[in-house]
Each structure stands twice: as structure tokens, then as C-alpha cells.
Amino acid sequence: MKHLYWFLCCLVLYYACGSRPENPGPRVVNSLEIEHLMEDSLLNVRALEVDKGGTGVFATSRGQIGFIYVSKYLDLDYNNKETLECDILHELNFNKDSIPNFRVVAKTTKRVFALSIGNPAVIFSPSEDQLDYWPIVYQEHHEKVFYDSMAFWNDMEGIAIGDPTETCMSIIITRDGGNSWKKIPCDQLPAAVEGEAAFAASDSNIAIVDDHTWVATGGKASRILYSSDKGETWEVFDTPIIQGQATNGMYSIDFYDKDNGFAIGGDYTKAADSSANKIRTKDGGKTWEIVAENKSPGYRSCVQYVPNGNAQELVAVGFKGVDYSNDAGNTWKHLSDEGYYTIRFVDDSTAYAAGRGRISKLTFRN
Numbered sequence: 125m126k127h128l129y130w131f132l133c134c135l136v137l138y139y140a141c142g143s144r145p146e147n148p149g150p151r152v153v154n155s156l157e158i159e160h161l162m163e164d165s166l167l168n169v170r171a172l173e174v175d176k177g178g179t180g181v182f183a184t185s186r187g188q189i190g191f192i193y194v195s196k197y198l199d200l201d202y203n204n205k206e207t208l209e210c211d212i213l214h215e216l217n218f219n220k221d222s223i224p225n226f227r228v229v230a231k232t233t234k235r236v237f238a239l240s241i242g243n244p245a246v247i248f249s250p251s252e253d254q255l256d257y258w259p260i261v262y263q264e265h266h267e268k269v270f271y272d273s274m275a276f277w278n279d280m281e282g283i284a285i286g287d288p289t290e291t292c293m294s295i296i297i298t299r300d301g302g303n304s305w306k307k308i309p310c311d312q313l314p315a316a317v318e319g320e321a322a323f324a325a326s327d328s329n330i331a332i333v334d335d336h337t338w339v340a341t342g343g344k345a346s347r348i349l350y351s352s353d354k355g356e357t358w359e360v361f362d363t364p365i366i367q368g369q370a371t372n373g374m375y376s377i378d379f380y381d382k383d384n385g386f387a388i389g390g391d392y393t394k395a396a397d398s399s400a401n402k403i404r405t406k407d408g409g410k411t412w413e414i415v416a417e418n419k420s421p422g423y424r425s426c427v428q429y430v431p432n433g434n435a436q437e438l439v440a441v442g443f444k445g446v447d448y449s450n451d452a453g454n455t456w457k458h459l460s461d462e463g464y465y466t467i468r469f470v471d472d473s474t475a476y477a478a479g480r481g482r483i484s485k486l487t488f489r490n
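Residue 256 in the numbering used here sits at position 132 of the sequence shown, and the numbers go up by one each step.
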């Protein structure tokens, strides 16, 4: 009996240890399943956000705000069923000459914000219990005003960035849940370089991890504005990404944690050009290195880390398709020619993507 006991113990240990691979390696995505949630030839979406519960909000170039959500219904057999819905639920009523062009949208646990480009730049946001009424919470008049991206640190504090109207990038901040916004004076920000701006291509020029904030600029200079204290103080870091022309630079940035970040862009007028259009940092944005030099993908307008991917898995989208990396951007696999402007993940296998003519659910398969 004693020998049998020790034999069983050894057998359990053998299978327990032997069943674990020494190095399982990174996940490999081999295919992409695309389900179009909304298709319309007039649809043009660069502003998309998803919360932790999987609800998405988007805004269009025609002043429309919509949501992606799960609805439940009873089928003929009286079983509870779920379906993914994508609807435009609100359309701001303006005359045809002043319809807001939304390139920016943000969502807290309590409110939604939509920011228009151009002059005047306007932030619309409903109160928590009045989704049908979208009052203006910020407005800025200037011939050069052009806002590109917005993000929130928490329900009370948020930031939006735009092109320079004076000698610095435009940065506005709220500390009261979005009820009011204040523009940071240029004497409290790094001076902009001649021709430096940002791209309102995918609402992903800002990355936030805890209190850390990174802002990606582009154009004739493409740099990182960095704050470690939720926008109270700022410093600037250079990058090696392609720059020097108005259409060059970073179009999108994302950070997996406070150290690991990735930026992508290039030149949208030369979409196949992959020279110096993908860069990576491992020290919180202080220094950057070019990766996949002269290798696909070329120009892409949005990059996002895959959740739970250990800073190894990335997905990039643009009007030339969808690409995936499982080695921190060193190599890429082209998954689809379907064009999108922006993408946000629901979980490590599911994302919503939007662009011209469509909003889609993307499922990444091993």
C-alpha cells in the first residue's frame, strides 16, 4: 500500500510537470473574421471608443452619434437571445452648412463626449440622464483651430489635443467630469516646431496609462509630448519616425504599460511606403527605435495593443487593410484588405473597427 501511494504521487507529478510546455511562445493569429455591423456609402467614421463592458460609441463626419451594444430578445421558442446592434441614435440638428465633422469621441462610465474639428471647435456632451439633449460644454473660435484626439484619465479628468493656434500644440483639460474645459497656456507647454501639428485620422494621438500621458505629433516634426502627472507638467521627446513633410509622421500611438509603447504612421499619400513608419519604445517614450524598416505594412492610421498580449501583440489598420504582429512589431502578417480608419478592442480576440462606409466586428482566430 505504501508503494502504491508513492507511485501515484510520482505519476501525478509527472503528468503535472510534463503537461506544461517549457516555453509556450506567443499566440499566433492565422485568420480574421469580419462581420459588418453597419454599411452605408455616406458613413465616414474616424471616432470610435469602447468601454470595458464592450459597449462602443462612435461619431461621424456628418454630425451623428451612434452606439454598438448587445440587445436581448425572446425568440419564437421563448429563449433569451443576444444580438449585437449598431445604430445611429442621435443626429445633431444643424443647417447643411454647419454640420459638425466629428473626428473625436470619448466615453467615461457616466458620459459621452463628441468633439468637432474646424472653426469653431465644439465639444458636445449630454448629461447622464438626458441622452437626447447634447449641450455644448466647450467652444473655441480661431482660424487655425483643429482638434485631433481626446482621452480620459478617469471619470473626472480628461484631455484633448489639437494643432497649434499659437506657439504650442493646443491642449485642453477638464477636472470636473467634462462640464468645463481649460486651455493650457503656451508658456506651460513645450514650444511647437515649425510645421508641427497632429492628424485627426483615428482619434488615437493620445495614450494614457494611469497618470502617464503621451501625445503624438506629426507633420514637419513628429515628436512625443509627455506628462507624468495628468497634464500638470510636460516634456518633449524626439522620435526617428519619418517626418519633414506636412503628411509625414505619427498618426497613432498606443502604450501597453508605462514602459512599452508603439507608434505608426508614414505618409497617407504614399500608402505603400514603409520606410521609418513604425517605431517602438521600451522606456516610457524617452527613446524610440524603428522596427520593420522597409517592410509591410506601409501607412496605417491606427495601432492598438491586443489586451493580455504581454506587449507583443499589435494590430494596425488603415485604408489598405488590417495587419497583425505577435513579436512587438518586428514582423507583421497581413490579415485583410478591408480598409478601416480606426480600431478598438473589446477583449483579446474581438474588436470594433470603423472607416469609410462601414463599422465592423473583427474576430481574430488562432
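Even glycine gets a Cβ: it sits at the ideal position worked out from N, Cα and C.
(request) Evaluate residue 421 with the Cβ neighbour count: other Cβ atoms within 10 Å of its Cβ, from every protein chain shown; 16 or more gives buried, anything less gives exposed. (result) buried
(request) Reducing DSSP to helix, strand and coil, say where residue 298 ends up. (result) strand
(message) Using 8 Å as the threshold, is the C-beta distance between residue 325 and residue 293 below it?
(response) no
(request) Leaving out five residues on either side along the sequence, give the residues of the same chain with a beta carbon under 7 Å from the beta carbon of residue 266. (result) 243 and 289
(request) With a threshold of 16 other CB atoms inside 10 Å of the CB of residue 240, please say whether the residue is buried or exposed. (result) buried
(request) Check each candidate in 411, 161 and 282 and name the one with the smallest Cα separation from residue 360. (result) 411
(request) Please go through the same chain and pick out, in chain order, the residues whose beta-carbon is closer than 7 Å to the beta-carbon of residue 75, but skip the five residues on each side of it. (result) Nothing about residue 75 can be reported from this structure: the residues present for the chain run from 125 to 490 only.
(request) Determine the direct distance from the alpha carbon of residue 386 to that of residue 225, and round the result to whole angstroms. (result) 28 Å
(message) Can you tell me whether residue 353 is buried or exposed? The criterion is at least 16 other CB atoms within 10 Å of its CB, across all chains shown.
(response) exposed
(request) Helix, strand or coil for residue 232, going by three-state DSSP, please let me know. (result) coil
(request) Could you have a look at residue 428 and say whether DSSP puts it in helix, strand or coil? (result) strand
(request) State buried or exposed for residue 177, treating a residue as buried only when at least 16 other CB atoms are found within 10 Å of its CB. (result) exposed
(message) Less than 6 Å between C-beta atoms, sequence neighbours within five positions excluded: which residues of the same chain meet that for residue 155?
(response) 489
(message) Taking the straight line between their C-alpha atoms, what separation do you get for residue 426 and residue 284?
(response) 17 Å
(message) Between which residues of its own chain and residue 484 is the CB-CB distance below 8 Å, once the five residues before and five after are set aside?
(response) 158, 159, 160, 161, 462, 464, 476, 477 and 478
(request) Leaving out five residues on either side along the sequence, give the residues of the same chain with a beta carbon under 8 Å from the beta carbon of residue 336. (result) 350, 351, 352, 379, 382 and 408
(request) Going by CA-CA distance only, name the one from 153, 347, 181 and 433 that's closest to residue 249. (result) 181
(message) So within the region 375 to 435, which uninterrupted beta strand (DSSP E) runs reach at least 3 residues, ignoring any that extend past its ends?
(response) 385 to 389, 402 to 405 and 426 to 429
(request) Under 7 Å Cβ to Cβ from residue 332, same chain only, skipping five residues before and after it: list those, please. (result) 275 and 277
(request) Return yes when the Cβ of residue 482 is within less than 8 Å of the Cβ of residue 167, no when it is not. (result) yes
(request) Mind checking which residues open and close the beta strand (DSSP E) that includes residue 275? (result) 271 to 276
(message) Rounded to the nearest angstrom, what separates residue 247 and residue 190 at their Cα positions?
(response) 16 Å
(message) Please state the DSSP three-state secondary structure of residue 311.
(response) helix
(message) On a Cα-Cα basis, can you pick out the residue from 171, 150, 286 and 186 that is closest to residue 165?
(response) 186
(message) Spatial neighbours of residue 449 within its chain, please: C-beta separation below 6 Å, excluding the five flanking residues on both sides.
(response) 438 and 456
(message) According to DSSP, is residue 293 part of a helix, a strand, or is it coil?
(response) coil
(message) According to DSSP, residue 176 sits in a beta bridge with which residue or residues?
(response) According to DSSP, which records beta bridges pairwise, residue 176 is partnered with nothing at all.
(request) Please name the residue or residues paired with residue 448 in a DSSP beta bridge. (result) 439 and 457
(message) Mapping the DSSP letters down to three states, classify residue 305 as helix, strand or coil.
(response) coil
(message) Rounded to whole angstroms, what is the Cα-Cα separation between residue 358 and residue 366?
(response) 23 Å
(message) If you follow the beta strand (DSSP E) that residue 326 is in, where does it begin and where does it stop?
(response) Segment: none, residue 326 is in no beta strand (DSSP E) and carries neither H nor E.
(request) Report back the beta-carbon spacing between residue 163 and residue 188 to the nearest angstrom; my notes put them in contact at under 8 Å. (result) Between residue 188 and residue 163 the Cβ distance is about 15 Å, and since that is not below 8 Å, they are no contact.
(request) Starting from residue 339, trace the beta strand (DSSP E) both ways and give me its first and last residue. (result) 336 to 340
(message) In the DSSP assignment, the beta strand (DSSP E) including residue 267 goes from what residue to what residue?
(response) Element bounds for residue 267: n/a, residue is neither H nor E.
(message) Please tell me whether residue 447 and residue 424 are closer than 8 Å, where the distance is taken between their beta carbons.
(response) yes
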